[in-house]
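Visitor: Here it is, the structure in full.
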Amino acid sequence: MSDDVTIKILGSGTSTGVPVVGCSCDVCRSTEPRNQRSRCSALLSWDGYRILIDSSPDLRQQCLSYGITQVDAVLYTHNHADHVHGIDDLRVLNGSPAQPLPVYGEQKLIQHLTTSFRYAFESQSKVGFRPRLKGVVIDDTLSLFGRKIVPIRLLHGDEIALGYRVGDLAYLTDCSVVPQESVAQLQGLRVLVIDGLRFRNHPTHFSVSQAIDIAQKLKAERVVLTHLSHDVDYCLHQQSLPKGVEFAYDGLTISLNDGKNL
Ligand SMILES: [Zn+2]
Ligand SMILES: [Zn+2]
Ligand SMILES: [Zn+2]
85 MSDDVTIKIL GSGTSTGVPV VGCSCDVCRS TEPRNQRSRC SALLSWDGYR
135 ILIDSSPDLR QQCLSYGITQ VDAVLYTHNH ADHVHGIDDL RVLNGSPAQP
185 LPVYGEQKLI QHLTTSFRYA FESQSKVGFR PRLKGVVIDD TLSLFGRKIV
235 PIRLLHGDEI ALGYRVGDLA YLTDCSVVPQ ESVAQLQGLR VLVIDGLRFR
285 NHPTHFSVSQ AIDIAQKLKA ERVVLTHLSH DVDYCLHQQS LPKGVEFAYD
335 GLTISLNDGK NL
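What follows is the structure, given as structure tokens:
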């Protein structure tokens, strides 16, 4: 038994992924592995349990790359295609095949999933090999495998997206505003993974400087910017970030143990 919570960034890219199909910019042509970004997703783990955050369209390749063969639950942030459309690949990941895999999200998200991917939620389905999922609406703090999971309401343009806090770690992808009531839930963070799409402003995502600004207000100790576009050149731009702030990359793993090592 361990008390450590570990987060692995499975995908650090924006909705197109990087390289962007058809783009010949320096970052898209770069051979630096940290400039090659699959669609945004992460894996939390503790005490042998594995909790996936979002099922990106790159989920299959992410599982192959990082040796993920089963998960125990999925936490969804919102219903955009880059966070959902790998859902069919959950069929091979159900850790206890006798039970449907629980997938968590706010009301609108669960409604969207059960309507758009109905075959995966029906107890009797004519589709043979399919994911067997159970939608669970999150209203408030949830207890999962011995840990408290706090859903954090965020604005993503004019839509709601959820972030998640586990212990002193928070994962806030796809957001452009952290509402005041959520700020109160984000105090005392040792690790903050947050949307930092690109350097220019965007209507539905934090820019790099906006993300740093909110992270500094929250006084998070270690800040990891994710959902990155091809505007971010890892090696070139990493050096210009303030102390304690870094860009995510696919495969980045952070263990948050109850001691002080991050
Ligand atoms: Zn996204
Ligand atoms: Zn490009
Ligand atoms: Zn989105």
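Quick note: the sequence shown uses the working numbering, first residue 85, plus one each step.
Backbone N, C-alpha and C define an ideal beta-carbon position, used for all residues, glycine too.
1. Using the beta-carbon of each residue, find all residues closer than 5 Å to any heavy atom of ligand 3 and list them in chain order.
2. Look up proline 117 in the DSSP assignment and say whether it is helix, strand or coil.
3. Would you mind working out which of Val262, Asp110 and Gln294 sits nearest glutamate 243, comparing C-alpha positions?
4. Over the uninterrupted alpha helix (DSSP H) stretch that includes threonine 199, give me the two end residues.
5. Could you tell me which of Thr100, Ser291 and Gln271 sits nearest to aspartate 166, measuring between CA atoms?
6. Let me confirm a value: arginine 121 is counted as buried when at least 16 other C-beta atoms fall within 10 Å, else exposed. Which label applies?
7. Less than 7 Å between the CB of cysteine 124 and some heavy atom of ligand 1, yes or no?
8. Cβ atoms of leucine 238 and alanine 245: under 8 Å apart, would you say?
9. Taking the alpha helix (DSSP H) that histidine 321 falls in, what are its first and last residues?
10. For ligand 2, is there any heavy atom lying closer than 7 Å to the beta carbon of histidine 314?
11. Leaving out the 5 sequence neighbours to the left and right, which residues in its chain are closer than 6 Å to leucine 143 when beta-carbon positions are compared?
12. Report buried or exposed for alanine 168, applying the criterion of at least 16 other Cβ atoms within 10 angstroms of its Cβ.
13. Nearest to serine 149 by CA position, among Val105, Lys192 and Ile93, is which residue?
Guide: A quick look at the data gives this:
1. For ligand 3, residues qualifying as neighbours are His164 and Asp258, where qualification means a beta carbon closer than 5 Å to at least one of its heavy atoms (chain order).
2. Position 33 of the sequence shown holds residue 117. The three-state reading of DSSP puts proline 117 in helix, counting H, G and I together.
3. Taking the sequence shown and counting its residues from 1, the one referred to as residue 243 is at position 159. Comparing Cα positions, the closest option is Val262.
4. Numbered from 1 along the sequence shown, position 115 holds the residue referred to as residue 199. Threonine 199 -> alpha helix (DSSP H) spans 191 to 200.
5. Along the sequence shown, read from residue 1 onward, the residue named residue 166 stands at position 82. Looking at the Cα atoms, Thr100 is the closest of the given residues.
6. Indexing the sequence shown from 1 puts residue 121 at position 37. It counts as buried.
7. Working through the sequence shown from its first residue, we reach residue 124 at position 40. Correct: cysteine 124 has its Cβ closer than 7 Å to ligand 1.
8. For the purposes of this step, residue 245 is identified with residue 161 of the sequence shown, where counting begins at 1. For the purposes of this step, residue 238 is identified with residue 154 of the sequence shown, where counting begins at 1. In this structure, the beta-carbon distance from alanine 245 to leucine 238 falls below 8 Å.
9. As a working note, residue 321 is residue 237 in the sequence shown. It spans 318 to 322 - the alpha helix (DSSP H) in which histidine 321 sits, taken as one unbroken run.
10. Here residue 314 refers to the residue found at position 230 of the sequence shown. Histidine 314: yes, Cβ under 7 Å from ligand 2.
11. Indexing the sequence shown from 1 puts residue 143 at position 59. Around leucine 143: Gly170 and Asp173.
12. Numbered from 1 along the sequence shown, position 84 holds the residue referred to as residue 168. Just to set this straight, residue 168 is valine in the shown sequence, not alanine. Valine 168 should be labelled buried.
13. Taking the first residue of the sequence shown as position 1, residue 149 is located at position 65. Closest option to serine 149, Cα to Cα, is Ile93.
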